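Under our numbering, think of the first position of the sequence shown as 148, with each following residue one higher. The beta-carbon is built from N, C-alpha and C at its ideal position, and this holds for glycine as well. Quick caveat: nothing in here was measured; it's all calculated off a predicted structure. All remarks here apply to the structure that follows.
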Amino acid sequence: MSQQQGKNNKPQDLLAFLNQQRGEHNKREVTERVIDFKEIYVAKKSEELTVQASRCLDCGNPYCEWKCPLHNYIPNWLELVRNEQFSQAAELMHETNPLPEICGRVCPQDRLCEQACTLNTGFGAVTIGEIEKNISDRAIANKWRPNLSNIKQTDKTVAIIGAGPAGLGCAELLARNGVKPIVYDKYPEIGGLLTFGIPGFKLEKSIVQKRREFLQDIGVEFRLNTEVGKQISIEQIQQEHDAIFLAMGCYTSVTGNLPGADSVGVIKALDFLIANVNQQQDYQMKGYPYQSMQGKKVVVLGGGDTAMDCVRSAQRQQAEKVTCVYRRDRDSMPGSPQEVKNAIEEGVEFLFNRQPLSIENQQGKVSGVSLAETSIHETVGSNRKTFVIDEEAQHLLEADIVILAFGFKASPADWFTQAGITQKENGLVITQTSDDFDLPYSQQTESKGIFAGGDMVRGADLVVTAIAEGRQAAKEILDFLEV
Ligand code: FAD
Ligand code: SF4
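The following block contains the structure:
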């Protein structure tokens, strides 16, 4: 046995990965899970976590850590888990990530840390996401809180507009540094798309609610049901706070301009998902009427994470048949392969290499989608495959409901210009990171003291990248306020 002394005195078997297979997620039975919106992955026992963590090679140059947008100290907390020092592991996770239990659930690890893991070369990557989720869940359940007794509180306050991952990432780091974050959000609960987008079978709403309690306990104040520009003006916010962080997301649905898209029964993906949350949580938000998919033929157009959330939600609403239509092949799908696998297990049908041409209707009601076959071509110098539509190979796919999941564009507020916040042609907010502007901070907008990050700057992206920009903005705001 090749052994090395672990940092916490438990000998490490560097060849453990040869004897111990990667342990895949324990999932609830398909028949049981497709009738509710509860999470599909079952918690793991301590012994399983320590065994899985012991597979880590503790690479001198940890690719997992580099690939993670938050540069989480992955090998270090894996070692703590291996040594059963679970609360220390949770504490270390929180040093770089304010929402580890959420990233453990929704990050596409198969495209990030686990893809980069040295063992992902035939041996099976370390189960980084699952360990992160299980360890941080325990810490939250045990009411773990960071020790802030040595933090000197300042008299500074920062307004954060948007309680999604970017806003929460910024708020947590400010609070940990003695600056009071006041987070405004137009929705009735925190989380942004974590609550009003990602369905419960990936992330139960109670997880976000527990995180709200944690954040309130460390001094973050939330002002919910408060839309900046309606219930409170940007001028008032500017007068009342020392700096502002904009974290408002990216909400204009791409519709694809398909003929027939105005037919009754065509729904935008996010409207469908928000209506579901609204109904399940009884938020009574206006503008999101619930439509049951029970007994209907549902066609979802698109191949990203949002499309996967829609197909799996429709399946849980007892649709007669759910079909996902995507214009490239399975390997080219932009979402997490794990989620595609889960959808297939749950009975969703996939039609790859199909381009929707129009939505057909009868007396104004959706009756189907006209599709053409496509062929895929590799393009030299690009890792995105191109496709060619074969207009001759057309067919009609019957549908009662069509859900459009083509992605999102920027949704700039009408008060941006008045506040001096500039945007690119596509509506994304300009910061130094997004362009070559000569600004003092990477997340600062062209308006002094106003910072921005997350989807509204990057375009629709990931939870973890939004958190990373929120934290970066917090560091820069602390410097700007000379704290
Ligand atoms: P958001 O999460 O969009 O939060 C913005 C917040 O700003 C919202 O709460 C909004 O109410 C608030 N707001 C906006 N304007 C105002 C205003 N004027 N006044 C007050 N409040 C305002 N990423 C992953 O990593 N994994 C996934 O599995 C995943 N699944 C997804 C599923 C769906 C259906 C969607 C749509 C996205 C998914 N994403 C996923 C992407 C991820 O959710 C986003 O990239 C991330 O939430 C962006 O964070 P954000 O803080 O920038 O914005
Ligand atoms: Fe461990 Fe994999 Fe990271 Fe190496 S790349 S430190 S094996 S988790």
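Contact check, residue i vs residue j, beta carbons under 8 Å
i	j	result
Ala607	Phe555	yes
Lys136	Gly344	Any question about residue 136 goes unanswered here, given that the chain covers just 148 to 630.
Ile275	Gln300	no
Lys488	Val411	no
Gly601	Ala390	no
Gln438	Ala461	no
Thr612	Thr592	no
Leu417	Val610	no
Ser522	Arg258	no
Ile278	Gln199	yes
Gly376	Ala560	yes
Met240	Asn219	yes
Arg252	Lys280	yes
Val630	Lys303	yes
Leu217	Ala615	yes
Thr399	Ser589	no
Arg292	Phe361	yes
Nonlocal neighbours in the same chain, by C-beta distance under 7 Å from residue i, ignoring five residues either side
i	result
Phe270	Phe164
Glu374	Lys333
Val413	Ile506, Val513, Val549 and Leu551
Pro436	Ala422
Ile187	Lys174, Arg175, Arg180, Phe348 and Asn489
Val401	Phe553, Gly554, Phe555 and Lys556
Gly407	Ser505, Ile506, Glu507 and Asn508
Gly338	Ala310, Gly311 and Val355
Ile536	Gln502, Ala519 and Thr521
Own chain residues within Cβ distance below 6 Å of residue i, not counting five before or after
i	result
Arg202	Ala163, Phe164, Gln167 and Val273
Cys264	Cys211, Ala272 and Val273
Gln306	The displayed chain sequence assigns Ala, not Gln, to residue 306. Counting only Cβ-Cβ distances below 6 Å, and skipping sequence neighbours, we find Ile329, Ile384, His388 and Ile391.
Ala322	Pro328, Ile365, Gly366 and Val367
Val445	Ala461, Ala466, Val469 and Ile548
Leu504	Ser517 and Ala519
Arg531	none
Counted within 10 angstroms of its Cβ, other Cβ atoms place residue i as buried (16 or more) or exposed
i	result
Met148	In this predicted model, Met148 has a pLDDT of only 41, less than 50, meaning its place in the structure is not dependable; the value taken from the coordinates is given anyway. The residue is exposed, with fewer than 16 neighbouring Cβ atoms inside 10 Å.
Ala236	buried
Gly567	exposed
Gly396	buried
Arg618	buried
Ser283	buried
Gly312	Looking at the sequence provided, one finds Pro at residue 312 rather than Gly. Pro312 is buried by the Cβ-count criterion.
Asn297	exposed
Lys443	buried
Ser234	exposed
Thr526	exposed
Asn404	exposed
Asp478	exposed
Arg358	buried
Arg459	buried
Ile182	exposed
Gln386	exposed
Thr646	This structure leaves residue 646 out entirely; the chain is present only between 148 and 630.
Cβ neighbours of residue i in the same chain (closer than 8 Å, five flanking residues each side left out)
i	result
Gly153	Here the model assigns Gly153 a pLDDT of 49, short of 50, so the residue's position is not dependable, and the following value carries that caveat. Counting only Cβ-Cβ distances below 8 Å, and skipping sequence neighbours, we find Gln159, Glu226, Arg229 and Asn230.
Ile624	Val305, Cys317, Leu321, Val326, Ala390, Phe392 and Phe598
Gln441	Gln464, Gln465 and Ala466
Leu498	Thr470, Cys471, Val472, Tyr473, Leu518 and Leu544
Val177	Glu492, Glu493 and Gly494
Phe534	Arg474, Arg475, Asn500, Gln502, Thr521, Ser522, Ile523 and His524
Arg169	Gln199, Arg202, Leu266, Phe270, Gly271, Ala272, Val273 and Thr274
Strand pairing of residue i, partner residues [DSSP]
i	result
Cys633	Any property of residue 633 remains undetermined from this structure, which presents the chain solely from 148 to 630.
Thr399	Lys556
Ala306	Ile329 and Ile391
Thr521	Ile536
Ile414	Ile550
Ala599	Leu393
His542	Leu518
Phe361	In the DSSP output, where bridge partners are listed per residue, Phe361 has none listed.
Val513	Asn508
Pro247	DSSP output for Pro247 lists no bridge partner at all.
Glu368	Ile329
Ile379	Val375
Gln673	Because the chain in this structure spans residues 148 to 630, residue 673 falls outside the shown range and cannot be described.
Val576	Gln570
Gln591	Phe598
Lys185	According to DSSP, Lys185 bridges with nothing at all.
Residue-level contact to chain B via CB, residue i, 8 Å cutoff
i	result
Asp332	Protein chain content of the structure displayed is limited to a single chain, and chain B is not contained in it.
Residue i beta carbon near ligand 3 (any heavy atom closer than 7 Å)
i	result
Thr265	This structure does not include ligand 3; its bound ligands are ligand 1 and ligand 2.
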